[in-house]
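Have a look at the structure below, then the notes.
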Amino acid sequence: MSGNLRSVYLKLVLTTFFWGGTFVAARLAVKEAPPFFSASSRFSIAGICLIALTAWYAAKEGKPFPVPKNVRELALLFSLGVTGIFCYNAVFFTGLKLTTATSGALIVAINPLLTAVLSALWLRERVTPTQAVGLLVSLLGVAVVISKGSWAVLANFAFNKGDLIMLGAPLCWALYSILGKKALATFTPLAATAYAALFGTMLLVPAALVEHAVAGGPIPSFTLVGWLAILQLALLGTVVGFVWWYQGVGRIGASRAAVFVNLVPFFGALQAALFLGERVVLPQLVGGMLVVAGVYLGSRIKVQPDGKDPQRVPGDGVGNTVAGAGQGEAKA
Numbered sequence: 001m002s003g004n005l006r007s008v009y010l011k012l013v014l015t016t017f018f019w020g021g022t023f024v025a026a027r028l029a030v031k032e033a034p035p036f037f038s039a040s041s042r043f044s045i046a047g048i049c050l051i052a053l054t055a056w057y058a059a060k061e062g063k064p065f066p067v068p069k070n071v072r073e074l075a076l077l078f079s080l081g082v083t084g085i086f087c088y089n090a091v092f093f094t095g096l097k098l099t100t101a102t103s104g105a106l107i108v109a110i111n112p113l114l115t116a117v118l119s120a121l122w123l124r125e126r127v128t129p130t131q132a133v134g135l136l137v138s139l140l141g142v143a144v145v146i147s148k149g150s151w152a153v154l155a156n157f158a159f160n161k162g163d164l165i166m167l168g169a170p171l172c173w174a175l176y177s178i179l180g181k182k183a184l185a186t187f188t189p190l191a192a193t194a195y196a197a198l199f200g201t202m203l204l205v206p207a208a209l210v211e212h213a214v215a216g217g218p219i220p221s222f223t224l225v226g227w228l229a230i231l232q233l234a235l236l237g238t239v240v241g242f243v244w245w246y247q248g249v250g251r252i253g254a255s256r257a258a259v260f261v262n263l264v265p266f267f268g269a270l271q272a273a274l275f276l277g278e279r280v281v282l283p284q285l286v287g288g289m290l291v292v293a294g295v296y297l298g299s300r301i302k303v304q305p306d307g308k309d310p311q312r313v314p315g316d317g318v319g320n321t322v323a324g325a326g327q328g329e330a331k332a
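The UniProt record's numbering applies: residue 1 is where the sequence shown begins, and numbers increase by one.
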């Protein structure tokens, strides 16, 4: 293996490590500040960086900053901000305020397969028998995780509220990914993500103000630990993770890079144990293994006969990169 290829694989592993860490960072952030304040802090920083990167890449290629040409394109980009940034992070931060980072990472790991199912319903894409089996296995794993392996919990619907809220995250991400496929017909992944972050932040900030007005009390703030968590979410989990992920996709292809996303729940549980002292119990271990096995089974993609690698690119599972499941080549 060449040194350049080793560097690509290392960056992909580190990216999934950063994405796994977002569950821990979000858990730390919402211990100090409300969910919408935490989310708006994250994407205010990430949005500025993503817009700056988009402008830099455009200038580097001698092109103007990409702007929507009509109301339809503007509405499409706005819908990315609504689904993938605002809604996703609303349930992400709220859920992690009420459940563990480990459970959150395991539940959200079902993102790619739920996206495939909704794509079949909305875009009329074909769901293979293997994908269907993978989805069922993953759903079984999620059921084990949220029920803590207890039949009584399932029978009495005595679920943890945070786990139930986290179930909304894969749905938001699936909608975001499907809309992202349409956006990639006009915008690069970086540009689409920058706009999603911009519009998402424009919605998150007013929500944070309403959140504070309802709750009352002093203006929310973070300690050093809280700000480090926000910076991890914004810079490592969003900006660096995005750039490194698409560098990897460009170098080895989407189907090969997609395998690495299965490391996210593992790294999430590992960092939760190291930094939060969370203990992985047997039902989480079994459920997590079923989720990862199902995602791996359902996400296996064959290279097309013409040698092209289909661009089914998973996102970070935390709503950080757009257009995650885009297909075809994006235009500048």
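C-beta atoms are modelled at their ideal positions from N, C-alpha and C, and glycine is treated no differently.
Suppose you measure from the CA of residue i to the CA of residue j; what does that come to, to the nearest Å?
i    : j    : result
V261 : G248 : 12 Å
V51  : L297 : Before going on, a small fix: residue 51 reads as Ile here, not Val. I51 and L297: Cα-Cα distance of roughly 36 Å.
K11  : L236 : 12 Å
A274 : Q131 : In the sequence under discussion, the amino acid at residue 274 is Leu, which differs from the Ala named in the question. Answer to the nearest angstrom: the Cα atoms are 34 Å apart.
G288 : V117 : 20 Å
G226 : A75  : 34 Å
I110 : S138 : 6 Å
A143 : V108 : 12 Å
E73  : R124 : 22 Å
G21  : T115 : 22 Å
A272 : V281 : 13 Å
C49  : T238 : 10 Å
A59  : T201 : 25 Å
L190 : A120 : 25 Å
E32  : K63  : 42 Å
F93  : K69  : 34 Å
V133 : S221 : 46 Å
A183 : F18  : 26 Å
R279 : Y195 : 38 Å
P265 : L285 : 11 Å
L270 : L175 : 29 Å
L203 : L209 : 10 Å
L164 : L98  : 10 Å
A213 : G168 : 25 Å
Got a sec? Which residues, its chain only, sit under 6 Å from residue i by beta carbon, not counting five neighbours each side?
i    : result
F199 : F78, G81
A229 : A25, L28, A29
M166 : G95, G104, I107
E211 : P34, F36
W245 : T15
Can you tell me whether residue i is buried or exposed? The criterion is at least 16 other CB atoms within 10 Å of its CB, across all chains shown.
i    : result
K161 : exposed
E61  : exposed
A258 : buried
Q304 : Residue placement at Q304 cannot be trusted, given a pLDDT of 44 that sits under 50; what the coordinates show is reported in the next sentence. By the neighbour-count rule (16 or more Cβ atoms within 10 Å), Q304 is not buried but exposed.
S147 : buried
P34  : buried
R42  : buried
N89  : buried
I219 : exposed
T223 : exposed
A197 : buried
P129 : exposed
G141 : buried
S38  : buried
G216 : exposed
Would you say the beta carbon of residue i is closer than 7 Å to some non-hydrogen atom of the ligand FMN?
i   : result
F86 : Looking for the ligand FMN in the displayed structure turns up nothing, as the structure carries no ligands at all.
Residues in the same chain with beta-carbon distance under 8 Å from residue i, minus the five sequence neighbours each way, listed in chain order, please.
i    : result
L231 : I45
L5   : R251, I252
C172 : T83, G84, C87, Y88, V91, G319
W122 : I178
L53  : L190, A194, V239, V243
G47  : A194, A197, L198, G200, T201
At a Cβ threshold of 8 Å, is residue i touching chain C?
i    : result
Q232 : Of the chains in the structure shown, none is chain C; there is only one protein chain.
Residues in its own chain within less than 7 Å of residue i by CB, not counting five upstream and five downstream?
i    : result
A55  : F65
P170 : V108, I110, N111, L114
L276 : V24, R27, A101
Y57  : L190
Give me the Cβ distance between residue i and residue j, rounded to the nearest whole Å; I'm assuming they're in contact under 8 Å.
i    : j    : result
L135 : G294 : 7 Å
V205 : S40  : 5 Å
V13  : L263 : 7 Å
F267 : T16  : 6 Å
A207 : F36  : 4 Å
Threshold first: 4 residues or longer. Then list the alpha helix (DSSP H) segments lying entirely within the UniProt domain "EamA" (9-146), N to C.
35-60, 71-80, 88-98, 101-108, 111-122
Can you list the alpha helix (DSSP H) stretches of 4 or more residues lying completely in the UniProt domain "EamA" (161-297), in chain order?
161-166, 168-183, 189-215, 224-231, 241-252, 254-258, 263-275
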